[in-house]
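K.L.:
I'd like to ask you about the structure that follows.
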Amino acid sequence: MMEKIYYNGKIYRSAGQFASALWVRDGKIYRVGGAELAAQARDAGIAAEDLRGAAVVPGFNDSHLHLLDAGRLLNQIDLFGVRSEEELARRCAEFIAARQIPAGRTVLGLGWNQDLFDRPALPTRAALDAAVPDHPLRLDRVCGHIVVCNTAALNAAGIAPDTPAPAGGSIDWERGILGDNAIALLDPILPRETVEDVMAAYQASLPAAAAKGITTAQSCDPRPGDWRTVLQAVRRLDEAGELPVRLHLQCALDTPAGLEEFLGQYRPGQGGRYWEIGPLKLFVDGSLGSRTALLRQGYADAPGARGLQCMTPEQTRAMAELAGANGMQVIGHAIGDGAIAQLLDAFGEGANPLRHGVVHCQITTPDLWQRFARGNILAFVQPIFLDYDHTIAADRCGAALAGTSYAFGTAVRLGVPVSYGTDAPVESFDPFPNLYTAVTRRPLDGSAPWHPEECVSRETALDCYTLGGAYAEGREKSKGRLEPGFAADFAVLDRDYFTVPEEEIPRIQVTCTVMDGREVYRADNNEPEEI
Numbered sequence: 133m134m135e136k137i138y139y140n141g142k143i144y145r146s147a148g149q150f151a152s153a154l155w156v157r158d159g160k161i162y163r164v165g166g167a168e169l170a171a172q173a174r175d176a177g178i179a180a181e182d183l184r185g186a187a188v189v190p191g192f193n194d195s196h197l198h199l200l201d202a203g204r205l206l207n208q209i210d211l212f213g214v215r216s217e218e219e220l221a222r223r224c225a226e227f228i229a230a231r232q233i234p235a236g237r238t239v240l241g242l243g244w245n246q247d248l249f250d251r252p253a254l255p256t257r258a259a260l261d262a263a264v265p266d267h268p269l270r271l272d273r274v275c276g277h278i279v280v281c282n283t284a285a286l287n288a289a290g291i292a293p294d295t296p297a298p299a300g301g302s303i304d305w306e307r308g309i310l311g312d313n314a315i316a317l318l319d320p321i322l323p324r325e326t327v328e329d330v331m332a333a334y335q336a337s338l339p340a341a342a343a344k345g346i347t348t349a350q351s352c353d354p355r356p357g358d359w360r361t362v363l364q365a366v367r368r369l370d371e372a373g374e375l376p377v378r379l380h381l382q383c384a385l386d387t388p389a390g391l392e393e394f395l396g397q398y399r400p401g402q403g404g405r406y407w408e409i410g411p412l413k414l415f416v417d418g419s420l421g422s423r424t425a426l427l428r429q430g431y432a433d434a435p436g437a438r439g440l441q442c443m444t445p446e447q448t449r450a451m452a453e454l455a456g457a458n459g460m461q462v463i464g465h466a467i468g469d470g471a472i473a474q475l476l477d478a479f480g481e482g483a484n485p486l487r488h489g490v491v492h493c494q495i496t497t498p499d500l501w502q503r504f505a506r507g508n509i510l511a512f513v514q515p516i517f518l519d520y521d522h523t524i525a526a527d528r529c530g531a532a533l534a535g536t537s538y539a540f541g542t543a544v545r546l547g548v549p550v551s552y553g554t555d556a557p558v559e560s561f562d563p564f565p566n567l568y569t570a571v572t573r574r575p576l577d578g579s580a581p582w583h584p585e586e587c588v589s590r591e592t593a594l595d596c597y598t599l600g601g602a603y604a605e606g607r608e609k610s611k612g613r614l615e616p617g618f619a620a621d622f623a624v625l626d627r628d629y630f631t632v633p634e635e636e637i638p639r640i641q642v643t644c645t646v647m648d649g650r651e652v653y654r655a656d657n658n659e660p661e662e663i
């Protein structure tokens, strides 16, 4: 039996309620109390740790991210922060030269954002061709909803000037830009991953997540072409005791036949000690930054453009009904108001026993949030997106629609079940910049708040990130609180989240992470690589 008492801390139980001692036994919270409890445990010879007044919060439950993609970045070109297409091309050439990659092998990259370029415009294959003529390049925008390729990649994939774009996708052959469903045309030229490759990617990203206090990751990793490999890798890591974070896997399957094949081998809730099959994940539209999010009234800065509809309403409803008939929760990527409405139509109104939900929920009108509330539809949101999106929302959508968007405080006040996530590697794993933007509605540079009427309290934000995440996976009775009988998943902080000045919240660091009663991270040990 594993037991330990943590004492002399500021242990968060609920808004305004704190304890100073936490008794852990066999992976669960055994008792919570004060100095008397600590003395009782020490008198019984229980191992003890003096927290020296540190704040302790439930382990963070990131309700939507991509752990596998985050780990894959170690073998891809890091394009975050590039300021021009020339720098983009230069980073590719330097990466290939440094790793001595043979000509003809496809090379991947992630992270560019044309809005951050000195001359904001989409990059072109011509710039890539000049620097990298002999290696096929697939370079994902930070959102993952458009890519730029060089000519070598287009030729290798058989994409010609007259190649038709698939439904829900776009091809700009002159620029080398592919959007959403057209990106799959590049799949035949991608390097084939082994189970060992997938394990290595997880071994890179999981410790980085644990170091940020994340104890559960609702990770969108299994996809149509690789779910067998991914799940085999997860199973092997679990059996080897190498999962420092619980995995609730969001499964991105895009056809009824593919879903039926998957369900023939895996069922919702099936898994191992620290992983399980979670919801079906659908993709209904793209992203705001790439103008592929589906907007009902179109783009204010691109007349005639409405974004991309990656699934028709009929396809969305058919997939939701098939999953529902098999007891599988459904969540859908929807950023634009058109895509959100399409998902809400597919889910209908009622009790929502399987807890279907919408991921992102960015461009909204008040009537959409009322529909969430009436249908008890879950909202999986990323407040940290405000840091960048506040600079483009009015341009993309118009001031009126932007003013009712990212209305995450409204959602909470309406009683919508809200959970927080990062969408990593789109954003960092770090929960505290996310909490800061939720609480202050300020960008990370501390400038003026954007629609501060949507602020929430520190406790509400924390609850969305912990208990809200547990609710999203159907585990709110066993995770997300530091109460007797709940999982011993928690994070010890280097400063008091509840009282530090607001501007310090993004700088809070985790000093220790405990998952299932096991210490999976301590700051004075070797630090994992930042992701």
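For the sequence shown, our numbering assigns the number 133 to the initial residue and increments by one for each residue that follows.
Glycine included, every Cβ here is placed at the ideal spot set by N, Cα and C.
1) Please classify D175: is it buried, with 16 or more other beta-carbons within 10 angstroms of its beta-carbon, or exposed?
2) Provide the residue(s) that pair with A647 in DSSP beta bridges, ordered along the chain.
3) For Y326, count neighbouring Cβ atoms within 10 angstroms of its own Cβ and tell me buried if that reaches 16, exposed if not.
4) Between which residues of its own chain and L260 is the CB-CB distance below 6 Å, once the five residues before and five after are set aside?
5) According to DSSP, which residues form a beta bridge with I161?
6) Please indicate yes or no: does the CB of C644 lie closer than 7 Å to some heavy atom of the ligand COA?
7) To the nearest whole angstrom, what separates the beta carbons of L625 and I640, a pair I think is in contact under 8 Å?
8) Decide if the region 334–342 is in contact with the region 170–188; the criterion is three or more beta carbon pairs, one per stretch, under 8 Å apart.
9) Inspect the beta-carbon positions of F479 and G439 and report whether they are closer than 8 Å.
10) Skipping 5 residues on each side, what residues in its chain have a beta carbon closer than 7 Å to that of R449?
11) Going by the beta-carbon positions, is the gap between I472 and C493 smaller than 8 Å?
12) Should the region 458–471 be regarded as contacting the region 306–322, the criterion being three or more beta carbon pairs within less than 8 Å?
13) Suppose you measure from the CA of L338 to the CA of G436; what does that come to, to the nearest Å?
14) At the level of alpha carbons, what is the spacing between N193 and A235?
15) V239: which of A285, G191, G203 sits nearest, CA to CA?
16) Specify the secondary structure class of G373 as computed by DSSP and reduced to three states.
17) How many Å lie between T592 and T523 at the Cα?
18) For A434 and G300, I'd like the C-alpha separation in whole angstroms.
19) Can we say the region 519–539 touches the region 149–164, given the rule of at least three CB pairs closer than 8 Å?
20) Do you know how far the Cα of T387 is from the Cα of L454?
21) Buried or exposed: which applies to Q232, given that a residue is buried once 16 or more other Cβ atoms fall within 10 Å of its Cβ?
22) Three or more beta-carbon pairs under 8 Å between the region 575–588 and the region 600–608, yes or no?
23) State buried or exposed for N287, treating a residue as buried only when at least 16 other CB atoms are found within 10 Å of its CB.
24) Where does F512 fall in DSSP's three states?
25) Once you ignore the five residues that flank A77 on each side, which residues in its own chain have a CB closer than 6 Å to its CB?
26) Per the contact definition of three or more C-beta pairs closer than 8 Å, is the region 343–352 in contact with the region 372–382?
27) Assuming G308 and V280 are in contact, meaning their beta carbons sit under 8 Å apart, how far apart are those beta carbons, in whole angstroms?
28) Might you give, ordered along the chain, the residues of its own chain that have their beta carbon closer than 7 Å to the beta carbon of F622, omitting 5 neighbours on each side?
29) Mark N566 as exposed unless 16 or more other C-beta atoms lie within 10 angstroms of its C-beta, in which case mark it buried.
30) Give the secondary structure of T361 by DSSP, where H, G and I count as helix, E and B as strand, and everything else as coil.
31) Within 10 angstroms of the Cβ of G482, are there 16 or more other Cβ atoms? Answer buried if so, exposed if not.
32) Check each candidate in S560, F394, A384, L395 and name the one with the smallest Cα separation from V491.
33) Considering just the uninterrupted stretch of the beta strand (DSSP E) at Y144, what are its terminal residues?
34) How should T598 be labelled, buried or exposed, when 16 other C-beta atoms within 10 angstroms of its C-beta is the threshold for buried?
35) Whole angstroms are fine: how far does the CA of C442 sit from the CA of P296?
36) Please say whether T569 and T82 have beta carbons closer to each other than 8 Å?
P.N.:
Quick look at the numbers:
1) Taking the sequence shown and counting its residues from 1, one reaches residue 175 at position 43. Exposed: under 16 other Cβ atoms inside 10 Å.
2) As a working note, residue 647 is residue 515 in the sequence shown. Just to set this straight, residue 647 is Met in the shown sequence, not Ala. In the DSSP output, where bridge partners are listed per residue, M647 has R650.
3) Position 194 of the sequence shown, counted from the first residue, corresponds to residue 326. Reading off the sequence, residue 326 comes out as Thr, not Tyr. When all chains shown are included, T326 counts as exposed.
4) The sequence position of residue 260 within the sequence shown is 128, counting from 1. Hits under 6 Å: A221, L269, N282.
5) Residue numbering aside, residue 161 sits at position 29 when the sequence shown is read from its first letter. DSSP output for I161 lists V156 as bridge partner(s).
6) Absence of the ligand COA from the depicted structure is noted, as is the absence of any ligand whatsoever, leaving it without description.
7) Within the sequence shown, the letter at position 493 stands for residue 625. Within the sequence shown, the letter at position 508 stands for residue 640. Their Cβ separation, rounded to whole angstroms, is 6 Å, which keeps L625 and I640 in contact under 8 Å.
8) no
9) Translated into positions along the sequence shown, residue 479 becomes position 347. Translated into positions along the sequence shown, residue 439 becomes position 307. Result no, Cβ atoms of F479 and G439 do not sit closer than 8 Å.
10) Within the sequence shown, numbered from 1, the residue matching residue 449 stands at position 317. The answer, listed in chain order, is A478.
11) Position 340 of the sequence shown, counted from the first residue, corresponds to residue 472. Position 361 of the sequence shown, counted from the first residue, corresponds to residue 493. Result yes, Cβ atoms of I472 and C493 sit closer than 8 Å.
12) no
13) In the sequence shown, the residue the question calls residue 338 occupies position 206. In the sequence shown, the residue the question calls residue 436 occupies position 304. Using only the alpha carbons, I get a separation of about 43 Å.
14) Sequence index remark: in the sequence shown, residue 193 carries index 61 (1-based). Sequence index remark: in the sequence shown, residue 235 carries index 103 (1-based). Each residue's alpha carbon lies about 42 Å from the other.
15) The sequence position of residue 239 within the sequence shown is 107, counting from 1. Closest option to V239, Cα to Cα, is A285.
16) Counting from one through the sequence shown, the residue named residue 373 turns up at place 241. Residue state, collapsed to three classes: coil.
17) Taking the first residue of the sequence shown as 1, we reach residue 592 at position 460. Taking the first residue of the sequence shown as 1, we reach residue 523 at position 391. Between T592 and T523, the C-alpha separation is close to 26 Å.
18) If you number the sequence shown from 1, residue 434 lands on position 302. If you number the sequence shown from 1, residue 300 lands on position 168. Approximately 18 Å, taken between the alpha carbons.
19) no
20) On the sequence shown, position 322 is the one that residue 454 refers to. On the sequence shown, position 255 is the one that residue 387 refers to. Each residue's Cα considered, the two are about 10 Å apart.
21) Here residue 232 is taken as the residue at index 100 of the sequence shown, counted from 1. Its Cβ having fewer than 16 others within 10 Å, Q232 is exposed.
22) no
23) Working through the sequence shown from its first residue, we reach residue 287 at position 155. It is exposed - the Cβ of N287 has fewer than 16 other Cβ atoms within 10 Å.
24) Along the sequence shown, read from residue 1 onward, the residue named residue 512 stands at position 380. F512 falls in the strand class under three-state DSSP.
25) Here the chain covers residues 133 to 663 and nothing more, so residue 77 does not appear.
26) yes
27) Your numbering for residue 308 matches position 176 in the sequence shown. Your numbering for residue 280 matches position 148 in the sequence shown. At roughly 5 Å, the Cβ-Cβ gap stays under 8 Å, so G308 and V280 are in contact.
28) As a working note, residue 622 is residue 490 in the sequence shown. Answer for F622: V188, V189, P190, G191, L614, V646, listed in chain order.
29) As a position in the sequence shown, residue 566 is number 434, starting the count at 1. N566 should be labelled buried.
30) Taking the sequence shown and counting its residues from 1, one reaches residue 361 at position 229. Three-state result, T361: helix.
31) Taking the sequence shown and counting its residues from 1, the one referred to as residue 482 is at position 350. G482 comes out exposed.
32) To locate residue 491, count along the sequence shown from 1; it is residue 359. Nearest C-alpha to V491: A384.
33) Within the sequence shown, the letter at position 12 stands for residue 144. Unbroken beta strand (DSSP E) run through Y144: 142–146.
34) On the sequence shown, residue 598 is found 466 positions in, with the first residue counted as 1. Result: buried.
35) The residue labelled residue 296 in the question sits at position 164 within the sequence shown. The residue labelled residue 442 in the question sits at position 310 within the sequence shown. Distance between the alpha carbons of P296 and C442: 15 Å.
36) Outside the shown range of the chain, which is 133 to 663, sits residue 82, and nothing can be said about it.
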